[in-house]
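Q: Numbering (our numbering), first residue to last: 192 to 333.
Below is the structure I would like to discuss, written out as structure tokens.
In structure tokens:
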């Protein structure tokens, strides 16, 4: 699997190099999805966006600190409060996650992926034709 290096500039304009995007746990991914959607948030705002049963404040706070240590999140302090924001872009993580799925389950073969989608997910002919047309368009635009 290839290593993805990302350079990010945080709100305070310090530049960090994130050596490698690491895989997120389900809890970390849930928090990141909320932060990507909101842009920035307090811990209590993240909790408000979570499904019931809502986790304890300390649990979410710990998850966010782990995300910060992994290089996914940073914060700005306003008084005694910390406002957290993502420093890894959602698309960068999507690319990493997709590459992992492609490598682990489809041997990096798009043909295997599409075959799986058609066979296992009952993809309609219309959806398949849309994918083919999109692929042809992207190939021409390259």
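We treat Cβ as the ideally placed atom computed from N, Cα and C, and that holds for glycine.
Note that the coordinates shown come from a computational prediction; the quantities given were computed from them, not determined experimentally.
With the cut-off set at 9 Å, would you say residue 223 and residue 284 are in Cβ contact?
A: It is a contact, given that the beta carbons lie within the stated cut-off.
Q: Taking buried to mean at least 16 other C-beta atoms within 10 Å of its own C-beta, is residue 271 buried or exposed?
A: Residue 271 is exposed by the Cβ-count criterion.
Q: Can a CB atom of chain D be found closer than 9 Å to the CB of residue 284?
A: The chain inventory of the structure shown lacks chain D, comprising one protein chain alone.
Q: Touch check for the segment 271-280 and the segment 213-233: three-plus C-beta pairs under 8 Å?
A: Yes, they touch.
Q: Helix, strand or coil for residue 232 per DSSP?
A: Strand, per DSSP.
Q: Within 10 angstroms of its Cβ, does residue 203 collect 16 or more other Cβ (buried), or is it exposed?
A: Confidence at residue 203 is low in this model, with a pLDDT of 48, below 50, so the placement of that residue should be treated as unreliable; the coordinate-derived value is given next. So residue 203 ends up on the exposed side.
Q: Determine the extent of the beta strand (DSSP E) in which residue 216 is found, giving its start and end residues.
A: It is not in any beta strand (DSSP E) - residue 216 carries neither H nor E in the DSSP assignment.
Q: So, under 8 Å CB-CB, residue 237 and residue 251 are touching, yes? Tell me the CB distance rounded to an integer number of Å.
A: Confirmed, Cβ separation roughly 6 Å.
Q: Determine, using beta carbons only, whether residue 217 and residue 228 come nearer to each other than 9 Å.
A: No.
Q: What are the residues that DSSP puts in a beta bridge with residue 322?
A: Partner(s): none; residue 322 has no beta bridge.
Q: Classify residue 193 as helix, strand or coil using the three-state DSSP reduction.
A: Reliability fails at residue 193, whose pLDDT of 46 lies under 50, so the model's placement of it is uncertain and the value that follows must be treated cautiously. In this structure, residue 193 counts as coil in the three-state DSSP scheme.
Q: So, residue 215 versus residue 261, is the Cβ gap smaller than 9 Å?
A: Cβ distance < 9 Å, so residue 215 and residue 261 count as in contact.
Q: Following the continuous alpha helix (DSSP H) through residue 285, name the residue where it begins and the one where it ends.
A: 281-297 is the extent of the alpha helix (DSSP H) around residue 285.
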